[in-house]
Ligand SMILES: CC(C)(COP(=O)(O)OP(=O)(O)OC[C@H]1O[C@@H](n2cnc3c(N)ncnc32)[C@H](O)[C@@H]1OP(=O)(O)O)[C@@H](O)C(=O)NCCC(=O)NCCS
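Here you go:
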């Protein structure tokens, strides 16, 4: 099958995105932080971008990024296990970084579960660096690692 297309999420995507968050990102944590209502609020919010990689309504991956004035925060990113290691995560990040550059963002921050080695490798491969360790970040239950990428370097690379 050909690669999924990237598009902005619509409200009917909220439940499949939330279900993927619960299964792939929040697995084993108490509660359901990104439930369908919260994802739908993010889809409708003007300062948040919910991106999906999909064949029509069949979602294979998604990302949620909040845009501030000069910094953006990647809240969630996941790709279905059957579609991982095919470059979908990288394509979604490139799409979001391009949007962030156009919006005047200087830095992208994110947190991931400290024991999530695969995601750590993924973000490192994209040029993110570890900037802080945050004990008890997830509902006082589990530690997080903060990673950061200065995307202004990308601009100077392109102009140089
Ligand atoms: C992290 C995640 C989004 C990566 O998505 P993906 O589409 O599989 O990533 P890509 O195919 O673009 O991978 C790009 C590179 O990242 C690195 N990488 C990705 N997954 C990796 C893994 N499991 N182990 C080691 N390195 C990995 C590799 O360098 C890879 O390049 P390669 O395949 O040529 O070796 C995906 O593994 C995922 O959804 N995991 C579960 C949810 C999660 O942990 N989300 C992040 C925290 S919110």
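Numbering (our numbering), first residue to last: 9 to 168. Idealized CB from N, CA, C, for every residue including glycine. These numbers come from a predicted model, not from an experiment.
Can residue 16 and residue 61 be called in contact, C-beta distance under 7 Å?
Note that the C-beta distance between residue 16 and residue 61 is not below 7 Å.
Alpha carbon of residue 80 to alpha carbon of residue 66, nearest angstrom:
Straight-line Cα distance between these residues: approximately 27 Å.
Considering only DSSP beta bridges, list what residue 63 is partnered with.
DSSP, once it has assigned bridges, lists 66 as partnering residue 63.
I need the residues with a C-beta less than 6 Å from some heavy atom of ligand 1; please give them in chain order.
That query returns the following residues: 32, 33, 84, 85, 86, 87, 92, 93, 94, 95, 96, 97, 98, 120, 124, 126, 127, 129, 130, 133.
Taking DSSP as the reference, what is the three-state secondary structure of residue 21?
Here residue 21 sits in helix by DSSP.
So for residue 48, helix, strand or coil by DSSP?
Reduced to three states, the DSSP call for residue 48 is helix.
So, at 8 Å on beta carbons, what are the nonlocal neighbours of residue 139 in its own chain, with the 5 sequence-adjacent residues on each side left out?
Within the same chain, residue 139 has close Cβ partners 117, 154, 155, 156.
What are the uninterrupted segments assigned as beta strand (DSSP E) that are 3 or more residues long and contained completely in the stretch 51-138, given in chain order?
Secondary structure in the stretch 51-138: the beta strand (DSSP E) runs of 3 residues or longer, each lying completely within the stretch, are 56-63, 66-75, 79-87, 115-121 in chain order.
Quick check: residue 87 and residue 97, are their CB atoms within less than 7 Å of each other?
Yes, these two residues count as a Cβ contact at 7 Å.
Compare the beta carbon distance of residue 68 and residue 91 with 7 Å and say whether it is the shorter of the two.
Going by beta carbons, residue 68 and residue 91 fall inside the 7 Å limit.
Report the partner residues of residue 28 according to the DSSP bridge assignment.
According to DSSP, residue 28 bridges with nothing at all.
Determine the contact status of residue 143 and residue 133, defining contact as a CB-CB distance below 7 Å.
No, the Cβ-Cβ distance between residue 143 and residue 133 is not below 7 Å.
C-alpha gap between residue 27 and residue 159, whole angstroms:
Those two C-alpha atoms are separated by around 31 Å.
Going by the beta-carbon positions, is the gap between residue 40 and residue 52 smaller than 7 Å?
Result no, Cβ atoms of residue 40 and residue 52 do not sit closer than 7 Å.
Expressed to the nearest angstrom, what Euclidean distance is found between the alpha-carbon atoms of residue 12 and residue 95?
Cα to Cα, residue 12 sits roughly 11 Å from residue 95.
Give me, in chain order, the residues of the same chain whose beta-carbon lies closer than 8 Å to that of residue 19; leave out the 5 immediate sequence neighbours on both sides.
Within the same chain, residue 19 has close Cβ partners 48, 51, 52.
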